[in-house]
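Peer 1: Mind looking over this structure? Questions follow.
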Amino acid sequence: MSDNVYTLHRGTRPLLVSLPHVGTVIPADQQARYTERALGVEDTDWFLDRLYGFAADLGASLIVPRYSRYLVDLNRPSENTPMYAGQNNTELCPTRHFTGEPIYRAGQAPDETEIRRRVATAWQPYHDALRDELSRIHALHGHVVLFDGHSIKSELPWLFEGRLPHMNLGTVGGTSCAPSLRDALAAVFAAQASYTHVVDGRFKGGHITRQYGRPQQGVHTVQLEMCWRAYMEETPPYRWHEGRAAEVTPLLRRLVQTMLAWQP
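So, in structure tokens, the structure goes:
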């Protein structure tokens, strides 16, 4: 189903996969605001809907947005408080690339009225659908796991120092899901040696992980921030890498299967 803001595949098992940054569309009536570079939406979580497509085949629900994070970031709180206090952040309606340069032409950044309009037309429908699907799954199974999938360039000095591990699992310091789920997912990474990994490092979980994770109420959320180098080219034109994607898919499949098999 879709209302032109997102596409939702409803599955049959207690897992919802959310991919809030895979959208690439900037509406035609907004494009003149953006720099030519920004229209290339380089900070997209490229190809994750393709990479995690197998999850739907395993019975998971899958929600995928249409619009770019450059319009409105679905993984930021609607009141626009910073995700990581004291560090460089991008906002609810981002004004900078992940490298720090402006996204908008001079004087064209959205004002508060435009930000509220974007929240109402693009942010809120996604979150309404997310909440409704979590409720539906919970009612069927007695618990639900929300997996928030992300990806990012390995090195972005404006946002963080050094080079990120391939796999960055976030559970908001262990508060967004049951400890046994966190341990089971960490064990999947620990059992392999091909990809570096960390749990609750630089990326502990964004708004979606923090907002919906209520383990006491049977809603368990986890975020995976995966580096582009695990499955694609990190330099323009940001192509899918068939070999890398094929190599990492079995690990991602084990991760998803672990979430499906887990019981609170």
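Under this note's numbering, the first residue of the sequence shown is numbered 5, with each subsequent residue one higher.
Here a beta-carbon is modelled for each residue, glycine too, at the ideal position from N, C-alpha and C.
Under a Cβ-count criterion, where at least 16 other Cβ atoms within 10 Å of its own Cβ denotes burial, should Glu246 be classed as buried or exposed?
Peer 2: Position 242 of the sequence shown, counted from the start, is the residue given in the question as residue 246. By the 10 Å Cβ count, Glu246 comes out exposed.
Peer 1: Have a look at Gly90 and Pro219 and give me their C-alpha separation to the nearest angstrom.
Peer 2: Start at 1 with the first residue of the sequence shown, and residue 90 comes out as number 86. Start at 1 with the first residue of the sequence shown, and residue 219 comes out as number 215. Note that Gly90 scores a pLDDT of 48, beneath 50, so its modelled location is shaky and nothing firm can be said.
Peer 1: Using only CA atoms, which one of Glu116, Gly15, Val9 and Val21 lies nearest to Thr225?
Peer 2: Numbered from its first residue, the sequence shown carries residue 225 at position 221. Looking at the Cα atoms, Val21 is the closest of the given residues.
Peer 1: Considering only their Cβ atoms, is the gap separating Val29 from Tyr71 smaller than 8 Å?
Peer 2: Along the sequence shown, read from residue 1 onward, the residue named residue 71 stands at position 67. Along the sequence shown, read from residue 1 onward, the residue named residue 29 stands at position 25. Going by C-beta atoms, Tyr71 is nearer than 8 Å to Val29.
Peer 1: In this structure, how does DSSP classify Glu229 when only helix, strand and coil are distinguished?
Peer 2: Translated into the one-based positions of the sequence shown, residue 229 becomes position 225. If DSSP states are grouped into helix, strand and coil, Glu229 belongs with the strands.
Peer 1: On the criterion of 16 or more Cβ atoms from any shown chain inside 10 Å, does Ala99 qualify as buried, or is it exposed?
Peer 2: Locating residue 99 in the sequence shown gives position 95, where the first residue counts as 1. Before going on, a small fix: residue 99 reads as Thr here, not Ala. Under this definition Thr99 is an exposed residue.
Peer 1: Per DSSP, which one or two residues make a beta bridge with Asn171?
Peer 2: What you label residue 171 is simply residue 167 of the sequence shown in a count that begins at 1. The question names Asn, but residue 171 in the sequence shown is Met. BP columns for Met171 point to His201 and Met230.
Peer 1: Have a look at the DSSP bridge pairing and note the partners of Trp244.
Peer 2: Counting from one through the sequence shown, the residue named residue 244 turns up at place 240. Paired residues: Met236.
Peer 1: Is the separation between the beta-carbon of Pro18 and that of Ile212 shorter than 8 Å?
Peer 2: Sequence index remark: in the sequence shown, residue 18 carries index 14 (1-based). Sequence index remark: in the sequence shown, residue 212 carries index 208 (1-based). Cβ atoms of Pro18 and Ile212: not closer than 8 Å.
Peer 1: If we ignore side chains and look at the alpha-carbon of each, how far apart do Leu96 and Tyr130 end up?
Peer 2: Taking the first residue of the sequence shown as position 1, residue 96 is located at position 92. Taking the first residue of the sequence shown as position 1, residue 130 is located at position 126. Their backbone Cα atoms lie some 14 Å apart in a straight line.
Peer 1: Beta-carbon within less than 8 Å of Val123's beta-carbon, same chain only, minus the 5 sequence neighbours each way: which residues are those?
Peer 2: For the purposes of this step, residue 123 is identified with residue 119 of the sequence shown, where counting begins at 1. For Val123, where only same-chain residues beyond five positions count, the Cβ hits under 8 Å are Val76, Ser82 and Leu96.
Peer 1: Assess contact between the stretch 240-254 and the stretch 44-58, defined as three or more Cβ pairs (one per stretch) separated by less than 8 Å. Is contact present?
Peer 2: Cβ pair count under 8 Å is three or more, so yes.
Peer 1: Helix, strand or coil for His154 per DSSP?
Peer 2: Counting from one through the sequence shown, the residue named residue 154 turns up at place 150. Here His154 sits in strand by DSSP.
Peer 1: Ignoring anything shorter than 4 residues, give me the alpha helix (DSSP H) runs that lie fully in the stretch 16-81, in order along the chain.
Peer 2: Counting only runs of 4 or more, we get 52-55 and 58-61.
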